[in-house]
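Written below as structure tokens is the structure these notes are about.
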Amino acid sequence: MKKWLLAIGVILVVIIAAPWGVGILTEQQWQRTTAEINRAQPYFTVETARYQRGLYGAEIVGTVSLRNPGNPDEAHRFGYRGDVSHGVTGSEIRFFPDQASADLIDDFFPDRLPTVTVNGKLWGTAEIEYNVPAIDRVSDETGESLNVAESYGWAKISDAGNDLEMDLRWPGVVARGPKARIVVNDVRIAQTMSKLAGNVWTGEGAVSIARLEAEFENQPPVTVENFALRSDTSAEGDTRFSSQVELDIDRVASRDDEYGPHHVEFVMENMEVAAWNRLVDAFSDIRELNSVQPGDVASRQGLVKQQMDLMMNVSSSVKALAGAGMSLGFPEFSVITPHGEVSGSLVLRHPELSEDERAALSLVMQRLTGELSITIPVALAEAQPVLMTELLPLIEQGLLVRDDETFKLEADLKDLELDVNSQIIPLPPMI
574 MKKWLLAIGV ILVVIIAAPW GVGILTEQQW QRTTAEINRA QPYFTVETAR
624 YQRGLYGAEI VGTVSLRNPG NPDEAHRFGY RGDVSHGVTG SEIRFFPDQA
674 SADLIDDFFP DRLPTVTVNG KLWGTAEIEY NVPAIDRVSD ETGESLNVAE
724 SYGWAKISDA GNDLEMDLRW PGVVARGPKA RIVVNDVRIA QTMSKLAGNV
774 WTGEGAVSIA RLEAEFENQP PVTVENFALR SDTSAEGDTR FSSQVELDID
824 RVASRDDEYG PHHVEFVMEN MEVAAWNRLV DAFSDIRELN SVQPGDVASR
874 QGLVKQQMDL MMNVSSSVKA LAGAGMSLGF PEFSVITPHG EVSGSLVLRH
924 PELSEDERAA LSLVMQRLTG ELSITIPVAL AEAQPVLMTE LLPLIEQGLL
974 VRDDETFKLE ADLKDLELDV NSQIIPLPPM I
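Heads up: the sequence shown is residues 574 to 1004, going by our numbering.
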């Protein structure tokens, strides 16, 4: 009997005390996660004004800032409130707009507000679900209307944030006004990611839109059908990675013109992880520096010097990436027009160099090789006077030659020389 009482006592202690420990870990995980989000990108910032933790739950109050990518100084702030419940093995957080933000969007969601729910486990796994109710809004004053289907999705984060799976669905939206009409149908986003090192993630992703229609006053309507963007990044050990991106569009129509299907591929192969991270970090430093507003001449001069130093860092990063060996480009692109297919490819390569050769590398162009191929239907050029005007100088110089019913350009790059349709063009070592 005493053993049973002791066992029951231990269980009760665990049940009572576990939520307290889970609450501490949940707060620490929240702080680490928001710090990582804010560090990783500049467009979406999560700020925590208050995290008030109790035994079986907690309350989070803060703001989310969304920045305009074209103007980082322009930000829209929305308040949020999070209700946290602590369990034995994890916590659940339900997020809602705070009162001020709820008042702003109440007209759009009169029955039910958008929600985000996070279930976190002690072993570092978090499952996120979001739901945005449907919107059905009409303005009697302006004649504008907005109909948005209910959107939903989920994400799973594991291995302390190093693995991510997510799936988002947005069935569609219709926005109408006196001068415009926009329709979007069946938006889907799916992604699996695993962090390799630094800014490099491996995995697969896909974004698709079944149909997009846009019509503006005094402009012909435009329709895009079956837009699909897919990516696949794979690791080669811990030091190399390759990535492929494919874009497909079944149909683009405007008034009497119809184009498609279109297909474009972009690849990066045998990229060194360390050199790539160095290059990405260099561009991030430039972006951050460009957001600084100097107040006087001295600070402006200092800013220019820092910009020059960072540009030198970018240059050395590019040389490091090239010296490690790589290839990138568009191995295939195809655009179907009413007058025929525009197709071609562009691939650039740089050989891997020894340590001594890398140290002595001053110009990337010296060892760069590549091929370019473009085919353009003659009927397309004749039907588009602006395009023909652009092509005429190339035709007159023999760089673009006619082959039956197409214009063709074939070029090879090697030893700082560009061979275009058997014409040799010396290239300045600009890079």
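In this text, a Cβ means the ideal position worked out from N, Cα and C, and glycines have one as well.
When rounded, the separation of the alpha-carbon atoms in LEU953 and VAL915 is 9 Å.
Leaving aside the five residues that flank GLU983 on each side, the residues in its chain whose CB is nearer than 7 Å to its CB run, in chain order, SER946 and ASN994.
No Cβ-Cβ contact shorter than 8 Å links PRO958 with GLY913.
The DSSP-derived three-state label of SER658 is strand. One alpha carbon belongs to ALA847, the other to ALA893, and they sit about 9 Å apart. From the listed residues GLU845, SER857, ILE997 and LEU1000, the smallest Cα separation to PRO924 is found for GLU845. Residue burial annotation: TYR616 is exposed, with fewer than 16 other C-beta atoms found within 10 angstroms of its C-beta.
From the listed residues LEU639, ARG623, ASP679 and HIS835, the smallest Cα separation to ASP656 is found for ARG623.
Between VAL840 and LEU883, the gap from beta carbon to beta carbon reaches 8 Å or more. Counting of Cβ neighbours within 10 angstroms places SER724 among the buried residues, the total reaching 16 or more. In the three-state reduction of the DSSP assignment, SER935 falls in the coil class, being assigned neither a helical nor a strand state. DSSP places ASP676 within a helical segment (H, G or I) once states are collapsed to three. The beta-carbon distance between GLY652 and SER638, rounded to whole angstroms, is 11 Å. This is too long to meet the 8 Å contact definition. Nearest in C-alpha terms to SER827, of all of ASP805, ASN843 and VAL795, is VAL795. In the DSSP assignment, THR910 falls within the beta strand (DSSP E) that extends over 899-910. Your pair GLU838 and PHE906 checks out as a contact, with CB atoms roughly 7 Å apart and the cut at 8 Å. Residue environment for GLN601: exposed (fewer than 16 other C-beta atoms within 10 angstroms of its C-beta).
Counting the other Cβ atoms within 10 Å of the Cβ of ILE998 gives fewer than 16, which makes it exposed. Looking at LYS694, ASP679, ILE678 and PHE668, the one whose alpha-carbon comes closest to that of HIS659 is LYS694. Ranked by Cα distance from PRO793, the options ASN735, ASP829, TRP849 and ALA707 are led by ASP829. Taking LEU989 as reference, the option from GLU963, THR948 and LEU936 with the minimal CA-CA separation is LEU936.
Around the beta carbon of ILE597, fewer than 16 other beta carbons lie within 10 angstroms, which makes this residue exposed.
Inter-segment contact for the segment 744-754 and the segment 767-782 is absent: fewer than three beta-carbon pairs are separated by less than 8 Å.
By the CB criterion at 8 Å, LYS752 and PHE789 fall inside the cutoff.
Leaving aside the five residues that flank TRP603 on each side, none in its chain has a CB nearer than 6 Å to its CB.
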